[in-house]
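Novice: Handing you this structure, nothing more for now.
2 protein chains.
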Amino acid sequence: MPQLKKILAPLLTIAILSGSAVAVAQNAPKPEQLIKWRQSAFQVIAWNNGRVKANVEGTYNKEEVVKAANTIAAVANAGLGSLFAPGSDKGKGWHDTSTKPEAFTDKRFGELAGNFIKEANELAKVAANSDQAAVKAQFGALGKTCKACHDDFKTKD
Amino acid sequence: MPQLKKILAPLLTIAILSGSAVAVAQNAPKPEQLIKWRQSAFQVIAWNNGRVKANVEGTYNKEEVVKAANTIAAVANAGLGSLFAPGSDKGKGWHDTSTKPEAFTDKRFGELAGNFIKEANELAKVAANSDQAAVKAQFGALGKTCKACHDDFKTKD
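Just so you know, the sequences run in chain order L and C.
In this text, residue positions in the first sequence follow the UniProt record's numbering: the first is 1, and each later residue adds one.
In this text, residue positions in the second sequence follow the UniProt record's numbering: the first is 1, and each later residue adds one.
The structure is reproduced here in structure tokens:
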């Protein structure tokens, strides 16, 4: 029955591909989970930003600044982009997402994320090798990349 | 008036010390903030644990495992102990704290945290230098340190 085979073969292919797609979708974290993780990741960044800020504005503890800068850099490099997967533009993690829908369509979002990673890596280097004044300057450069992205892609609530 | 000075001097000392204490307390993050940060930090660890797990149980992507392991190690070394400051034994961050009161009094809590840091650092090393089988084994060792602490110091909710 070569004709039946001709008809069945593509159907089987579709069935297998659909099966894989379902399997991937089943393993993929739900939007609510992605949103919770990204909200958590940015809280960890905020915690460590606050530590660097306190140290550059007050008594400087190099060990603490190095830890904080390394943590910011590690989270920045963790692959945060994967937490902004398609379908996670709406939903509630710890709270309703603060990410504007534009972040999922405008390629500037990725470019601004790249700037953040670059300056976070630089802060970790400066923290390890330089003094309070240099860290303060680089912390300012990092803050600008945070603000640039928040201005365009984060809701104000 | 040497006698008045004798009376006033210790009062002044107390006033100054109290002032410093108040200043410190004003700058110190509130328990609710500490709880929110620590809940966030453990979510970031959970996110990256899940990525390592998926990679050691399925298709192995070394680059992703290295990122995930580095993130776990960085958060482990960030100084999580400071997020369990006295007074943060009760309270609500994203939700009511899951940390048992014993964590704030039993020195085993710190010892178990030390084990977690040690195995997290080892996982980052193994991820960078070894293969899937070695990462799987070390990921098991790390998981034991998580469980040991959760068993005794985390509520079951």
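Ideal Cβ placement from N, Cα and C applies to all residues, glycine included.
Taking residue 135 of chain L and residue 56 of chain L to be in contact with their CB atoms under 8 Å, please state how far apart those CB atoms are, rounded to whole angstroms.
Specialist: About 6 Å; that satisfies the 8 Å criterion.
Novice: When DSSP labels each residue in this structure, what does residue 89 of chain C get in the three-state scheme?
Specialist: If DSSP states are grouped into helix, strand and coil, residue 89 of chain C belongs with coil.
Novice: In chain C, which residues lie with their C-beta within 9 Å of the C-beta of residue 70 of chain L?
Specialist: Within chain C, the residues near residue 70 of chain L are 74, 77 and 78.
Novice: With 16 other CB atoms within 10 Å as the buried threshold, where does residue 81 of chain L fall?
Specialist: By the neighbour-count rule (16 or more Cβ atoms within 10 Å), residue 81 of chain L is not buried but exposed.
Novice: Beta-carbon of residue 44 of chain L versus every beta-carbon of chain C: anything under 7 Å?
Specialist: With 7 Å as the cut-off, residue 44 of chain L counts as an interface residue toward chain C.
Novice: Helix or strand or just coil, what does DSSP make of residue 22 of chain C?
Specialist: Because the pLDDT at residue 22 of chain C is just 41, under 50, the model does not fix this residue reliably, and the point stays unresolved.
Novice: Would you call the segment 35-51 of chain L and the segment 104-111 of chain L touching, i.e. three or more CB-CB distances under 8 Å?
Specialist: With a cut-off of 8 Å, the segment 104-111 of chain L and the segment 35-51 of chain L do not count as touching, because too few Cβ pairs lie within range.
Novice: If we cut at 7 Å on Cβ distances, does residue 88 of chain C have a partner in chain B?
Specialist: In the displayed structure, chain B is absent; the protein chains listed are L and C.
Novice: Quick one: grab the DSSP three-state call for residue 139 of chain C.
Specialist: Three-state result, residue 139 of chain C: helix.
Novice: Of all the residues that make up the segment 104-124 of chain L, which are near chain C by a beta-carbon distance shorter than 7 Å?
Specialist: Within the segment 104-124 of chain L, no residue qualifies.
Novice: Could one say the Cβ of residue 130 of chain L lies closer than 7 Å to chain C's Cβ atoms, at least one of them?
Specialist: For residue 130 of chain L, the answer is no, since every Cβ of chain C falls outside 7 Å of its Cβ.
Novice: With a cut-off of 7 Å, does the C-beta of residue 28 of chain C fall near any C-beta of chain L?
Specialist: Chain L contact via Cβ: absent.
Novice: Given a threshold of 16 other Cβ atoms within 10 Å of its Cβ, counted over all protein chains shown, does residue 27 of chain L qualify as buried or as exposed?
Specialist: Residue 27 of chain L is exposed by the Cβ-count criterion.
Novice: What is the rounded straight-line gap between the Cα of residue 88 of chain C and the Cα of residue 83 of chain L?
Specialist: Residue 88 of chain C and residue 83 of chain L: Cα-Cα distance of roughly 29 Å.
Novice: Let me know the secondary structure DSSP gives residue 67 of chain L once reduced to three states.
Specialist: Of the three classes helix, strand and coil, the one that applies to residue 67 of chain L here is helix, per DSSP.
Novice: How close, in whole Å, do the beta carbons of residue 43 of chain L and residue 37 of chain C come, if the pair is a contact with beta carbons under 8 Å?
Specialist: The pair is a contact, with the Cβ atoms about 6 Å apart (cut-off 8 Å).
Novice: Closest to residue 85 of chain L by C-alpha separation, out of L:32, L:143 and L:124, would be which residue?
Specialist: The shortest C-alpha separation from residue 85 of chain L is found at L:32.
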